[in-house]
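Here is the structure we will look at.
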Amino acid sequence: MLTPRHAPAKDSPPGRRRRGRWTRWLAGLAVVVVLMAAIATMTGFDAMKPKDFANTEPKLVLEEYFLGRTLAWGIFEDRFGSLRRQFVVDIEGTWDGETLTLDEHFDYADGETDRRVWRIRRLDNHTYEGRADDIIGTAGGQAYGNALNWAYDLDLKMGERSLKVHFNDWMWLQPGGVLVNRATMSKWGITLGTVTLFFRKAEADEPMPRSGESRLGQ
Numbered sequence: 059m060l061t062p063r064h065a066p067a068k069d070s071p072p073g074r075r076r077r078g079r080w081t082r083w084l085a086g087l088a089v090v091v092v093l094m095a096a097i098a099t100m101t102g103f104d105a106m107k108p109k110d111f112a113n114t115e116p117k118l119v120l121e122e123y124f125l126g127r128t129l130a131w132g133i134f135e136d137r138f139g140s141l142r143r144q145f146v147v148d149i150e151g152t153w154d155g156e157t158l159t160l161d162e163h164f165d166y167a168d169g170e171t172d173r174r175v176w177r178i179r180r181l182d183n184h185t186y187e188g189r190a191d192d193i194i195g196t197a198g199g200q201a202y203g204n205a206l207n208w209a210y211d212l213d214l215k216m217g218e219r220s221l222k223v224h225f226n227d228w229m230w231l232q233p234g235g236v237l238v239n240r241a242t243m244s245k246w247g248i249t250l251g252t253v254t255l256f257f258r259k260a261e262a263d264e265p266m267p268r269s270g271e272s273r274l275g276q
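Here the sequence shown stands for residues 59 to 276, numbered as in the numbering used here.
The structure is reproduced here in structure tokens:
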């Protein structure tokens with residue numbers, strides 16, 4: 059005998075019905091918690107505003123900090139926190155009174171090398187505009203106190219293909235001249251990974267360090 063599709067075949071005891079409702083409620087709560095955690099992860103950096111750092115020291119002035127030679131050490135972590143790449147950057151900065159040019163040379167632990175040239179203009183006391191070959195349009199920067207926040211879209215190369223991704227890029231200048239840089243990479247609002255770098259000024263005649271951790275034993 060066929061049972062109606064939306065009708066139970068037989069009545070369930072009251073205790074079982076109560077346990078069923080409780081289980082479904084817990085399952086629903088778990089889904090809400092997971093969604094809230096995901097939203098918090100995706101929007102954490104967006105909650106910060108550059109003006110929040112207006113009274114912090116030391117003051118970050120890009121055209122002063124990056125004038126001359128600067129070195130950086132960086133890592134890329136995927137959205138699950140797994141370390142995917144390690145690299146170093148050798149940067150030569152020049153300032154002509156209007157444009158800050160940063161000639162960046164990358165050395166990755168897997169043996170790959172790359173280069174990017176930034177051309178950055180200061181529009182007013184707190185606003186910068188940046189361009190580079192792999193930047194789509196222009197990058198916009200807001201600087202207050204020891205912090206600077208960049209927002210830009212980048213054409214990320216992936217073998218023979220490319221992917222348009224968004225960067226929310228923060229820099230904080232620390233006492234002693236160390237600059238901390240943390241950027242989230244996202245697509246359609248979903249975080250794909252995080253880039254973390256530490257900058258310092260290069261010593262006179264200091265050679266470019268090698269990012270060779272993954273080459274051990276070679």
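Cβ coordinates follow ideal geometry from the N, Cα and C atoms, glycine included.
ask   = Do T254 and R240 have their C-beta atoms closer together than 8 Å?
value = yes
request  = Can you grab the Cα-Cα spacing for the pair S272 / A167, in whole Å?
outcome  = With a pLDDT of 40 at S272, under the threshold of 50, the modelled position of this residue cannot be trusted; read the value that follows with caution. Going from the Cα of S272 to the Cα of A167 covers about 5 Å.
message = Using only the alpha-carbon positions, how far apart do S220 and W176 sit?
response = 20 Å
query = Which of helix, strand or coil does DSSP assign to M266?
reply = coil
For V223, the nearest candidate out of W230, Y210 and T157 (CA to CA) = Y210
message = Quick test of your reading: V147 and E162, contact by CB under 8 Å. State the CB separation rounded to the nearest angstrom.
response = 5 Å
message = Assuming E121 and R180 are in contact, meaning their beta carbons sit under 8 Å apart, how far apart are those beta carbons, in whole angstroms?
response = 7 Å
query = Which residues mark the beginning and the end of the alpha helix (DSSP H) in which E121 is found?
reply = L120 to Y123
Span separating the alpha-carbon of I285 from that of A260 = Since the first residue shown for the chain is 59 and the last is 276, residue 285 is missing from the structure and cannot be characterised.
key: Contacts around D213, its chain only, beta-carbon distance under 7 Å, and the 5 residues preceding and following it disregarded   = D192, I194, S220 and K222
query = To which residues of the same chain is V236 closer than 8 Å at the C-beta, ignoring the five residues directly before and after it?
reply = F256, F257 and R258
message = By the three-class DSSP mapping on this structure, what secondary structure does F138 have?
response = coil
key: Rounded straight-line distance, which links the Cα of T159 to that of P233   = 24 Å
Whole-Å CB distance - F111 paired with G151, under 8 Å assumed = With a Cβ gap of about 22 Å, F111 and G151 do not count as contacting.
query = Distance, Cα to Cα, F164 vs R173?
reply = 6 Å
ask   = Between D136 and G251, is the Cβ-Cβ spacing less than 8 Å?
value = yes
CB of W246 within 8 Å of CB of D227, strictly = no
Same chain, Cβ closer than 7 Å to F134, five either side skipped, listed in chain order = R142, R143, G251 and V253
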